[in-house]
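Undergrad: Take a look at the following structure, please.
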Amino acid sequence: PPPLSPSFLPPALSFSGEVPENRVNVVVANLTVIDRDQPHSPNWAAQYRIASGDPQGHFLIRTNPVNNDGMVTVVKPVDYEQNRAFMLTVIVSNKAPLASGIQSSLQSSAGVTISVQDVNEPPVFPSNPKSIRFEEGVPAGTTLTVFAAQDPDLFIHQTVRYVRNYRLLGTTGLISDRR
């Protein structure tokens with residue numbers, strides 16, 4: 001017979017999902033359980049928690065009130081260059097305590113693998129804004145600084161290009177867009 005507490009049933013002892021990097025508030029996996037209690041009663045409600053595999057707290061599991069599924073949700077952005085996948089151990093249990101004398105497992109566990117998809121990210125300037133100082137009367141052509149952008153995508157080879165999309169009028173100080 002099905003268990004009194006919510007349980008993951010074979011072959012559903014492992015689940016998987018995927019998420020593009022830097023996305024939040026998206027459901028990446030649905031965890032299905034079975035429970036013999038009357039649907040939508042207080043004793044039917046499942047409660048999920050992540051036991052291991054997410055030390056930085058990127059994920060949260062909410063219970064779907066309609067079908068009691070666990071909805072694995074990204075709550076903190078994940079970065080493909082830092083973690084290509086997460087291997088979570090998830091535990092489900094009854095939200096309400098079991099009546100005394102009930103002989104049933106109080107919880108069930110399953111593995112959840114979340115794959116992170118690489119997304120092309122724009123280059124960034126590590127020091128932005130950048131302040132520079134130089135002595136009055138430096139010779140023409142002297143290098144004052146270098147604005148070096150970095151591409152956070154480590155696994156996609158790309159060329160960073162620098163474009164000056166503005167015009168500066170030296171006599172008035174007027175700055176205008178060239179585009």
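In case it helps, the UniProt record's numbering puts the sequence shown at residues 1 to 179. The beta carbon of each residue, even a glycine, is placed where N, CA and C say it ideally should be.
1. Would you call the segment 116-124 and the segment 135-142 touching, i.e. three or more CB-CB distances under 8 Å?
2. In the DSSP assignment, the beta strand (DSSP E) including Val90 goes from what residue to what residue?
3. Is the CB-CB distance between Leu88 and Asp118 below 8 Å?
4. Using beta-carbon positions only, say whether Val72 and Val24 come within less than 8 Å of one another.
5. Jot down the residue ranges of each uninterrupted beta strand (DSSP E) in the segment 13-64, minimum 3 residues, whole runs only, in chain order.
6. Should the segment 124-134 be regarded as contacting the segment 76-94, the criterion being three or more beta carbon pairs within less than 8 Å?
7. Under the assumption that Asn94 contacts Asn30 (Cβ atoms under 8 Å), give the Cβ distance between them as a whole number of angstroms.
8. The beta strand (DSSP E) spanning Ser109 covers which residue range?
9. Please report the distance separating the alpha-carbon of Ser131 from that of Thr63.
10. Return the residue from the list Arg49, Pro65, Asn67 that minimises the CA-CA distance to Phe59.
11. Is the Cβ-Cβ distance between Thr113 and Ala149 less than 8 Å?
12. Could you compute how far the alpha carbon of Ile34 sits from the alpha carbon of Asp153?
TA: Answer, in terms of the structure:
1. Between the segment 116-124 and the segment 135-142 there are fewer than three inter-stretch CB-CB distances shorter than 8 Å, so the stretches are not counted as touching.
2. 85-94 is the span of the beta strand (DSSP E), which, as asked, contains Val90.
3. The beta carbons of Leu88 and Asp118 sit no closer together than 8 Å.
4. Not a contact, by the Cβ cut-off of 8 Å.
5. You should have 14-20, 27-31, 46-52, 59-63.
6. Contact annotation: the segment 124-134 does not touch the segment 76-94, with fewer than three C-beta pairs closer than 8 Å.
7. A Cβ-Cβ distance of about 19 Å is found for the pair Asn94 and Asn30, leaving them out of contact under the 8 Å criterion.
8. Per DSSP, Ser109 belongs to the beta strand (DSSP E) from 107-117.
9. If you take the alpha carbons of Ser131 and Thr63, they lie about 50 Å apart.
10. Of Arg49, Pro65, Asn67, the residue nearest in Cα terms is Arg49.
11. Note that the C-beta distance between Thr113 and Ala149 is not below 8 Å.
12. If I take the Cα positions, the gap works out to 42 Å.
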